[in-house]
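Only one structure is covered here, and it is reproduced in the block below.
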Amino acid sequence: MSFPPGIRRRFVVSFPLLLLVTLSFAVVATADGASQDEGPELPACNNPFKLVKVKIWVDGVEGEDLSGITASFGASLPEEANKSSKLPAVFSNPLNGCSNSSSKLTGSVALSIRGDCDFVTKAKVAQSGGASALLVINDNEELYKMVCSENDTSLNISIPVVMIPKSAGDAINKSMEEKHVEFLLYAPTRPIVDFSVIFLWAMAVGTIVTASLWQEFGTSENSDERYNELSKESPNAGTGDDDDKEILDISVKGAVVFVITASTFLVLLYFFMSAWFVWLLIVLFCIGGVQGMHTCIMTPIVRKCRNCPQKTLNLPLFGEVSIVSFVVALCCLIFAVVWAVNRRESYSWVGQDILGICLMITVLQLARLPNIKVATVLLCCAFVYDIFWVFLSPLIFHQSVMIVVARGDNSGGESIPMLLRVPRAFDPWGGYDMIGFGDILFPGLLVAFAFRYDKACKKHLANGYFLWLIIGYGFGLLFTYLGLYLMNGQGQPALLYLVPCTLGVTVILGLVRGELKELWNYSPESSSATTNLTGEA
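The sequence shown runs -31 to -1, 1 to 506 under mature numbering (1 follows the signal peptide of the UniProt record, and there is no 0).
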């Protein structure tokens, strides 16, 4: 990575940066709600489904809490841990829990595996054996909502019935080998809105606003002149020629190819997700993050301090680099390495968000939509892409490809870094609220175009497009989180809400103002040499 001694909105079109843009589209965030299959609810069993915390002790030593979900029948669990009791854990024998157990279940939490009979039968057998609760171990990682069968018109199940995922059952089975295991079950209430959602909303909107205004306030003519004076390696450096600035203009063909490429990467991640694959993404993320952070720091430095980039040094491979630029690049590299080493710590989200925001600001300077025609093709393809891979892909792959990738299944505990995340501060379940880079970058391209168009046409905020698109994007995010809440945490394709609230607003305003044709065929005059996404100069 070469860092020039000055900055003139000059972005290096590197393979890692472009690949990260593609991957960020392929892993549009879905928050962290797991997909839950749901059977028909009958009047005889209409208990609300609640998430359950399962506290576990192995030989008196408290272990990591497990999660589960209650059935639509059976007794309710207390909302507070101090109102519940510790109970010994016992595996049913037979393990499927479909017939009377030879193991003594009295006063214990009975465990059985899913299958061979319905859930009500398992609950009745456990209750008749004297069990105080029943844990059903699922055969996969989803939390299936347990309901009654059609023949169960009246029930008398007085014990709590909870399902836990397969990984939790495997951990319990391993712990119970010649050890005494105890459980405590309770169902804390989740807040409707957590502070993290508000903070994440502000970060997403703020990133787009900052990126759109960056060229207006982040650079100056003084820095351009200083860059021309110091960039001796280029024969055209002092002339202000177009080669000094590289911008990626997206074409209609490029937009379609981009979405196809994103789908390909998503399928590859789905089939070949592993720890080494995620590590490759982490390395690429760090490279792109360092480049983005360097740009975001150097731009205001060059703007405020005209003489800072004058002192240079020659480095092998990199050539002539200003001392300030080199020091900033070294600090950015150290920051990225520290984050990568501590990425599993509870505080690592801060470093990930800083790197991610800097990366996205840089990308939104590097890539550009020339008009609404290209924006319509790109965002409509993204709209269909997002809906298909979240909601329709289970018809082919038997599970949501987007959710599986975003969740990081089979990644050895690693998580994909191309998203912003904020911990839930007031949620007893913990976890993170997340938004993928794609949910910011692609609407952001349109918002940045609107700002450039307003500036070129000398429009004010009220009669322009930029302000209304920012407002539309903000409301689109609100609708996304509303959909997440109404669908009980099931992952949402955010572009389903964001595209109508941004592209739709642009088209409607253009029609009302009689400017849609101009927006559709707009061709900005630029002194920069642009690089077409399809490789055409």
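The C-beta atom is built at its ideal place from N, Cα and C for all residues, glycine as well.
In the structure shown, the three-state DSSP call for residue 216 is strand.
When DSSP assignments are scanned along the segment 354 to 384, the uninterrupted stretches of alpha helix (DSSP H) that are 4 or more residues long and fall wholly within it turn out to be 363 to 366 and 370 to 376.
C-alpha of residue 355 to C-alpha of residue 407: approximately 10 angstroms in a straight line. In the structure shown, the three-state DSSP call for residue 470 is helix.
Just so you know, the alpha carbons of residue 169 and residue 403 end up roughly 7 angstroms apart. Residue 332 and residue 48 have their C-alpha atoms roughly 46 angstroms apart.
The way I'd put it, the segment 352 to 368 doesn't touch the segment 140 to 156; fewer than three beta-carbon pairs between them come closer than 8 angstroms.
For residue 132, the enclosing beta strand (DSSP E) has its first and last residue at 130 to 133.
Of the residues 102, 96 and 94, the one whose Cα lies closest to the Cα of residue 78 is 102.
Where residue 58 is concerned, there is no enclosing alpha helix (DSSP H), although the beta strand (DSSP E) around it starts and stops at 56 to 60. The residues 412, 415, 438, 441 and 442, in chain order, have a CB closer than 6 angstroms to that of residue 471 in the same chain once the five nearest residues on each side in sequence are set aside.
By the neighbour-count criterion, in which 16 or more other beta carbons inside 10 Å mark a residue as buried, residue 175 falls on the exposed side.
The straight-line gap separating the alpha-carbon atoms of residue 294 and residue 264 is approximately 9 angstroms.
Between residue 25 and residue 162 the beta-carbon gap is near 30 angstroms, outside 8 angstroms, which marks them as no contact. DSSP places residue 42 in the coil class of the three-state scheme, outside both helix and strand. The distance from the Cβ of residue 56 to that of residue 76 is about 7 angstroms, consistent with a contact at the 8 angstroms cut-off. Between residue 130 and the set 140, 107 and 141, the nearest pair of CA atoms involves 107.
Annotation: residue 315 to residue 67 spans about 42 angstroms, alpha carbon to alpha carbon.
Within the DSSP bridge table, the entry for residue 288 names 284 as partners.
In the structure shown, the three-state DSSP call for residue 33 is coil. Nearest neighbour of residue 467 by Cα position, chosen from 371, 387, 345 and 38, turns out to be 345. Assignment of residue 406 by DSSP, reduced to helix, strand and coil, places it in the coil class. When the alpha-carbon of residue 82 is set against those of 273, 98 and 62, the nearest one is in 62. The alpha helix (DSSP H) runs of length 4 or more contained entirely in the segment 389 to 437 are, from start to end of the chain, 407 to 425. Within the same chain, and ignoring the five residues on either side of residue 307 in sequence, the residues whose Cβ sits closer than 8 angstroms to its Cβ are 320.
Closest option to residue 98, judged by alpha-carbon separation, among 489, 448, 228 and 59: 59. Within the same chain, 67 come within 6 angstroms of residue 86 by CB-CB distance, once the 5 residues on both sides are set aside.
Scanning its chain for C-beta atoms nearer than 6 angstroms, with the 5 sequence neighbours on each side dropped, one finds no residue around residue 274.
Distance check between residue 369 and each of 42, 124, 154 and 236 places 236 closest, using alpha-carbon atoms only. When secondary structure is reduced to three states using DSSP, residue 106 falls in the strand class. The beta carbon of residue 435 lies closer than 6 angstroms to those of 419, 420 and 423 in the same chain, with the five residues before and after it left out.
In this model, residue 313 and residue 451 are separated by some 29 angstroms (Cα to Cα). Contact annotation: residue 35 and residue 156 have beta-carbon atoms that are not nearer than 8 angstroms.
Residues 48 of the same chain have their beta carbon placed closer than 7 angstroms to that of residue 158, with the five preceding and five following residues left out of the count. Under the DSSP assignment, residue 228 falls outside any beta strand (DSSP E), being part of the alpha helix (DSSP H) whose first and last residues are 221 to 241. Here the C-alpha atom of residue 485 lies approximately 14 angstroms from the C-alpha atom of residue 432.
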